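Right, one structure below, let's go through it.
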């Protein structure tokens, strides 16, 4: 028996939807409509999923029914003409906004699963990518192809169907941000796309003009945002009512069991025609083409409708499309019954009269779809409503008057002309209204109008410099690249092709016969090292020079030099060490003068200055010097006894080794005959000393950097070493790069104004004429202003953005990943991220954090170290609860055997009975734990890190259970495994964990999904984005005035602002608030003095408009 399915709807948790969209109300309205199967919609939203789990009952068929008691309550009052039941299918719509092939893509996709478990597993994966809690239709910066891959990985029976494939703004084939083919969108997974949803503005005759859709079954759904809109489009099946049977009908050749679709008249859809709603302009495609697709009133680009887009991709004539139609399922075009009644009675469709008559009809004749499709003219006429039988007969015969919708404005479909209603009210019509068949709606463009231009416009770069890093070298870069192997200082301002120049110089050396192993390239972040390595591989092939950070270099060299594997104290271990240091070194009263954070900073400063505990500490601190000496000494002892090195200790130890071993120094200076150092202005004293030892006077060393971008003085860096290079290397040549290939002229002029040197770097890139100042009343309003600006720049993040003016049509393609919000402090970034995320804008706050931060992960990693032979007493302390479930206390000093020998952790694991009775609080538990570690060590063997991690997970069932209950833990473990798999077989687990501990804040930026990056000004160094927001441009924040401690370096603060401004390529926004909450109290804020340094003609202020007290016209539920 045929049944009707509407598989695309929304819940009350989606934006701009009715609050009545709960499962019970949907049940009632679906039965009144005559729907037999309904998609749940929005299962990705946690609150809606909770309702689904509570109220729906799974069946054996992969579908669901409403709980019996809820059916009874929901069915009360339904007329006797309503019979049958309703099934639900788990469904959700995902909005994907991302950059691909040089253009911003926006498409919506429907996702289906046969079980709650599969849907929840899918939700878990999406929650690791973006925010799925702020909107029932989540917005993700995720490639549609990758979304499909996640669906298939989650459940082999999962299905993805592209939604409303022709809609201009948000669809697979849309004119504004779509693709020209299914394969262009889904790539290697295109074979898994067997169906597509056509949307309200097209119907099958239009779609069959495009032959590439022949292999795709066309379905239609309502995309209802309120119960009344259910089944305005729907599908007819004759299969078994089962998940597998339904999708088999859509997938199998000939579509057995799929009878076709119930359709809108496409003219009624709000994107059928071309047009510009603000100017009241509606056009046929050939008229738009004649106007160059520009509005004849205002001259702005038209919104090209579905008909235009279909014709752009059409490769069949109308006749050819008609010829293939019989091979495909059929369709019926309907007009909602309330619209027909509205026309008959000449009142609004939501009027009391129409709704009363509609209810009466359903009571007499049954569900609405049955009235529209099945009831005879006689039955319709017997209902007592004049012209009803004639009206529905005309709709069935497609004898209607059509006025196409455009640019978000719904079209009008009428049954009667004005003459009809005036001439024969209440009577049988004596004439026929001229029929408007589908062919009349799809006219072939004139020859002179062809070809229709591509709908997705690529970003056209204008006034590009004749020589760019993508194409070659300018004269100064050429000079640097071909300079002979001798000391070379390259001064490179922002965007001057620094990495391009240095990699081309390295490649040039390799081309001239220099062994790649004789070349060393040092950077300051793992991200920069990876980028350099990738570029070199593209230039010289697989065998490339070593490219790494200072700390990674020290780790590598010391690991080869020392017998025991080197373990790095990560942040958690270091905090534990500092706490223990204070406990064993100072009295309770003394600890009041030396807090862990202060001690940490002093130790870092001492390391950077290469000062040991027994050296003169006056250069580190003159306050509480004696307390610091005792703590520093104890800290060193704790590190040594636990077999650990801290971050800054790596370079300290390497420098000391080179200074004390001339043969070792000679070995390295010979090995690395050619040395390159990036960002040379950021060296601290220890790094400078290491450079001197590796590259004595006359060595072939090339350094590159910019003293005006020296911003890390707080961690010991100084541009002093950059300026000393020429005196350290008397034979050095200096080359200054001045041509900027990143930023527009306006951005460079504005940033130069702040620095006091507008000619420092120059650019030929035209762009926005001004940078934008956004003054706000409060910090909260600042976050809202940034969010609204992101929405506008992205071109809207939903249909309502476009329909109600929340977006603009940009000439440049932008996606979330093209934008960054920079803040002076991490806490400020978190505040902004919270607001953006709540508005459904994908964003990510970068921080030096990782999977180790989760408490269970911390214990798991500690156990991994113990099981693979690189653990310490601190790891034993951390891993012990995981291995025993008990707490055992012991000091962080190795125990001593009965014969007075100090026992290392390896000794204890190999022979636990050497352990004395007094070293720990529970010897029996400790013995059991040590025995368990030995078994784990034997099980894990010496395989690659990822294999050892999998092995440990199999043995630690408690961790696996915790992962099933804790999504955050599961995500952290997945991230950790991903890092291990990427590391591969390049070394031991000890090396993998040591390198993982060296991660910096910038290294967290790399992610599969596109998001707005939110990071501190310091972390933005070395990065670039088309659009940059610098938030908090207020005195006291920029320049920063710390509440305690040493005052900020004002010169460095100015350079920091300059660096932040020059991260922007195309657009720069500077925001400031008049008031902020600090420590819970409102504080008045003045604009940053840097804003007044920018010349007036380079900036424009954009104040937020205040909305009227009463909204006029259509109202959109605000994102903010």
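Residue numbers (full-length UniProt numbering): 1 to 1120.
Ideal placement from N, C-alpha and C gives every residue a C-beta, glycine not left out.
Computed from a predicted model, the values in this text were never measured in an experiment.
Outcome for residue 834 when other beta-carbon atoms lying within 10 angstroms are tallied against a minimum of 16: It is exposed - the Cβ of residue 834 has fewer than 16 other Cβ atoms within 10 Å.
Residue 433 - DSSP class collapsed to helix/strand/coil: Bear in mind that the predicted position of residue 433 carries a pLDDT of just 37, short of 50, making it too unreliable to give a figure here.
Reduced DSSP category for residue 207 - H, G, I as helix; E, B as strand; rest coil: In this structure, residue 207 counts as helix in the three-state DSSP scheme.
The region 320-337 touching the region 367-375, judged by at least three CB pairs closer than 8 Å: yes
Reduced DSSP secondary structure (H/G/I, E/B, other) of residue 19: coil
Alpha-carbon to alpha-carbon, residue 35 and residue 293: 41 Å
Residues near residue 937 by beta carbon distance below 8 Å, same chain, minus five either side: 866, 867, 868, 869 and 909
Local Cβ density within 10 Å of residue 763, reported as buried at 16 or more and exposed below that: Sixteen is the threshold: when 16 or more other Cβ atoms of the shown chains lie within 10 Å of the Cβ of residue 763, as they do, the residue is buried.
Meets three-Cβ-pair contact criterion under 8 Å: the region 746-758 and the region 667-683: no
Whole-angstrom distance between residue 109 and residue 964, CA atom to CA atom: 27 Å
Span of the beta strand (DSSP E), counted from its first residue to its last, around residue 6: 3-6
Rounded Cβ spacing between residue 489 and residue 520 (contact assumed at less than 8 Å): About 17 Å separates the two Cβ atoms, so there is no contact after all.
Coil, strand or helix - residue 580 by DSSP: helix
Own chain, CB closer than 8 Å to residue 1095, minus 5 neighbours either side, in chain order: 749, 750 and 753
Entirely enclosed alpha helix (DSSP H) segments - the region 689-758, minimum 4 residues: Runs found: 720-728 and 745-755.
Buried versus exposed call for residue 273 [16 or more other C-beta atoms within 10 Å across all chains shown]: buried
Alpha helix (DSSP H) segments (min. 4 residues) lying fully within the region 872-931: Taken in chain order, the complete alpha helix (DSSP H) segments of 4 or more residues contained in the region 872-931 are 873-884 and 905-910.
In chain order, each beta strand (DSSP E) run of at least 3 residues that lies wholly inside the region 281-329: 281-283
Residue 498 versus residue 505 - alpha carbon distance: 11 Å
Beta-carbon proximity of residue 1060 to residue 1017, cut-off 7 Å: yes
Secondary structure of residue 261, DSSP reduced to three states: strand
Length of the line joining the Cα atoms of residue 1056 and residue 726: 25 Å
Opening and closing residue of the beta strand (DSSP E) in which residue 472 lies: That residue, residue 472, is in no beta strand (DSSP E); it is neither H nor E in DSSP.
Segment contact, 8 Å Cβ cut-off, at least three pairs: the region 643-651 with the region 560-570: yes
For residue 96: DSSP bridge partner residues: 107 and 140
Buried or exposed by the 16-neighbour rule on C-beta atoms within 10 Å, applied to residue 212: exposed
contact_flag[the region 79-97, the region 254-271] where n(CB pairs < 8 Å) is 3 or more: Note that the region 79-97 does not touch the region 254-271; fewer than 3 beta-carbon pairs, one per stretch, sit closer than 8 Å.
CA-to-CA distance, residue 901 to residue 656, given in whole angstroms: 28 Å
Exposure label - residue 1; buried when at least 16 CB within 10 Å: exposed
Cβ shell of residue 590 (< 7 Å), same chain only, five flanking positions each side left out: Spatial neighbours of residue 590 in its own chain (CB-CB distance under 7 Å, excluding positions within 5 residues in sequence) are listed in chain order as 627.
Cβ distance (whole Å) where residue 639 is taken to contact residue 580 below 8 Å: At roughly 11 Å, the Cβ-Cβ gap does not stay under 8 Å, so residue 639 and residue 580 are not in contact.
Counted within 10 angstroms of its Cβ, other Cβ atoms place residue 777 as buried (16 or more) or exposed: Flag for residue 777 reads exposed.
Opening and closing residue of the alpha helix (DSSP H) in which residue 1059 lies: Under the DSSP assignment, residue 1059 falls in the alpha helix (DSSP H) whose first and last residues are 1050-1061.
Residue nearest to residue 299 in terms of C-alpha spacing, selected from 69, 279, 354 and 398: 279
Residues bridged to residue 523 [DSSP beta-bridge criterion]: Residue pairing from DSSP places residue 523 in a beta bridge opposite 549.
Beta carbon of residue 620 nearer than 7 Å to that of residue 606: yes
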